[in-house]
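Below: one structure, written as structure tokens.
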Amino acid sequence: MTRTFAHGSALGVVLGTLALATPAMAAPVGTQVGETILNEVTVNYNIGSGPDAVAQDPVEAQDEVAVDRKINLTVARTDNTGTQVTPGETGAAVTYVVTNESNDAVDFQLDATNVATGTASELDGTASDNFDATGGFTYYLDNPSAGTPGVFDASDTVITHIDALPSGDSAIIHVVSNIEGGLSTDDRAAITLSAIARVDDGTTALGGSFTVATANSADPLTVDTVFADTDADGQIANDGAAFDTDDYVVLAAGLTATKSSAVVVGAFGGDNSGTYLPGATMEYCILVANVAGSATATNVTISDTLPAEVTYVPAFGVRVGGADCDTPGGTAGSFSGGVVSGTIGSLAGGEQQSLIFRATIN
Numbered sequence: 064m065t066r067t068f069a070h071g072s073a074l075g076v077v078l079g080t081l082a083l084a085t086p087a088m089a090a091p092v093g094t095q096v097g098e099t100i101l102n103e104v105t106v107n108y109n110i111g112s113g114p115d116a117v118a119q120d121p122v123e124a125q126d127e128v129a130v131d132r133k134i135n136l137t138v139a140r141t142d143n144t145g146t147q148v149t150p151g152e153t154g155a156a157v158t159y160v161v162t163n164e165s166n167d168a169v170d171f172q173l174d175a176t177n178v179a180t181g182t183a184s185e186l187d188g189t190a191s192d193n194f195d196a197t198g199g200f201t202y203y204l205d206n207p208s209a210g211t212p213g214v215f216d217a218s219d220t221v222i223t224h225i226d227a228l229p230s231g232d233s234a235i236i237h238v239v240s241n242i243e244g245g246l247s248t249d250d251r252a253a254i255t256l257s258a259i260a261r262v263d264d265g266t267t268a269l270g271g272s273f274t275v276a277t278a279n280s281a282d283p284l285t286v287d288t289v290f291a292d293t294d295a296d297g298q299i300a301n302d303g304a305a306f307d308t309d310d311y312v313v314l315a316a317g318l319t320a321t322k323s324s325a326v327v328v329g330a331f332g333g334d335n336s337g338t339y340l341p342g343a344t345m346e347y348c349i350l351v352a353n354v355a356g357s358a359t360a361t362n363v364t365i366s367d368t369l370p371a372e373v374t375y376v377p378a379f380g381v382r383v384g385g386a387d388c389d390t391p392g393g394t395a396g397s398f399s400g401g402v403v404s405g406t407i408g409s410l411a412g413g414e415q416q417s418l419i420f421r422a423t424i425n
């Protein structure tokens, strides 16, 4: 079962070889590892009673223990909405918060994986994973002081792991991969990010695994390590790891093209009966539409190679951008080498535009 957790506190981490100052450091979680708790007791007493009582030297005793290391962490996607992507997009990011709930600074190994195809989405109960992200996964540390906090941008820095995350602090991690082409709107790929606690060994390299105590040390001043992380049901997991899942959700453009023609100048003296005879002038219309709810298509380039049986009419030109086949647009296309061309700058979902030109039947 996937573990989903509440978001962590203020940002402040040293990741890989990058050190970032945090605007407001989070408070450490609990008494920090290795701190000693000294408890002293004094017992005073007399010998005798009443005016003959004689005070004796007090008896003193003390107990001293060292606080053990409690390993706890959370991983959480930053929202419950899938990350919108387009077919063929590169460098698409899903974003998570990793929070160190331990009482010590900890390194964290990062492992992202594609969820198995066919798995039901955690974000939308009616949808399932039906493709995988490609190109492997790259991890980026969010840099809130230089870019937009929580948004993957050029100010964020490539990392391989989280290094020496202080107790109580959080790191926003962008998991970046590529989206294959040829996908359709609402196709979905789920990505799971796991964080595994590792020893902060004082270097920028990822530390080793913790040695977890199976029983309390005989010496109370010996620091033991205990895993205290929980799963989604609040039960102790005892594995020093946590994970959460987020989705890429495809928004594609749904373009259709319809081509039609009509005789606008008849072959015989104004005969507009629609008869396709040699000498008649036809008006061609190419109507490009984008399905409602689709992504906006940009730089839509139309290319129409004329057949040898017709001759282009330059006086009318190529008119692009009309709302339908009855409305010539105000943008000029071109004709060169037997090819009629035109470009629609953008076409939002639910919109259509036309390209209209004329040709005479030879």
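Position 253, counted from 1, in the sequence shown is what the numbering used here calls 316; the numbers after and before it change by one each time, with no gaps. Where a beta carbon is used, it is the ideal one built from N, C-alpha and C, also for glycine. Just so you know, these numbers come straight off a predicted model, no measurement behind them.
The stretch 347-362 makes contact with the stretch 314-325: 3 or more CB pairs, one atom from each, lie closer than 8 Å. Taken in chain order, the whole beta strand (DSSP E) runs of length 3 or more contained in the stretch 93-148 are 99-106, 122-129, 132-134, 136-140, 146-148.
Close CB contacts of Pro91 within its chain, under the 6 Å cut and outside five residues either way in sequence, are with Ser230, Gly231 (chain order). By the Cβ neighbour-count rule, Asp282 is exposed, with fewer than 16 other Cβ atoms within 10 Å of its own. Beta-bridge pairing by DSSP links Val178 to no other residue. When the Cα atoms are used, Ser112 and Ser280 turn out to be separated by approximately 45 Å.
Between the alpha carbons of Tyr311 and Arg132 lies a distance of about 37 Å.
Taking the Cα positions, Val122 is about 11 Å away from Asn109. In the DSSP assignment, the residues bridged to Thr201 are Val239.
Here Glu103 is exposed: its Cβ has fewer than 16 other Cβ atoms, across all protein chains shown, within 10 Å. Looking at the DSSP output, Glu346 bridges to Ala325, Arg421.
For Ala330, the closest alpha carbon among the candidates Tyr339, Ile419, Ser324 is that of Tyr339. Just so you know, the alpha carbons of Asn107 and Gln119 end up roughly 7 Å apart. Residue range 360-368 is occupied by the beta strand (DSSP E) that includes Asn362. Pairing Leu284 with Glu127 gives a Cβ-Cβ distance under 8 Å. Per DSSP, Phe398 is one residue of the beta strand (DSSP E) stretching across 397-399. Counted as a single uninterrupted DSSP element, the beta strand (DSSP E) harbouring Asp226 occupies residues 224-228.
DSSP places Tyr339 outside both helix and strand once states are collapsed to three, so it counts as coil. In the DSSP assignment, Thr255 is bridged to Thr176, Thr308. Look at the beta carbons and you see the stretch 242-259 touching the stretch 182-190: at least three pairs across the two are nearer than 8 Å.
For Thr374, the enclosing beta strand (DSSP E) begins and ends at 373-375.
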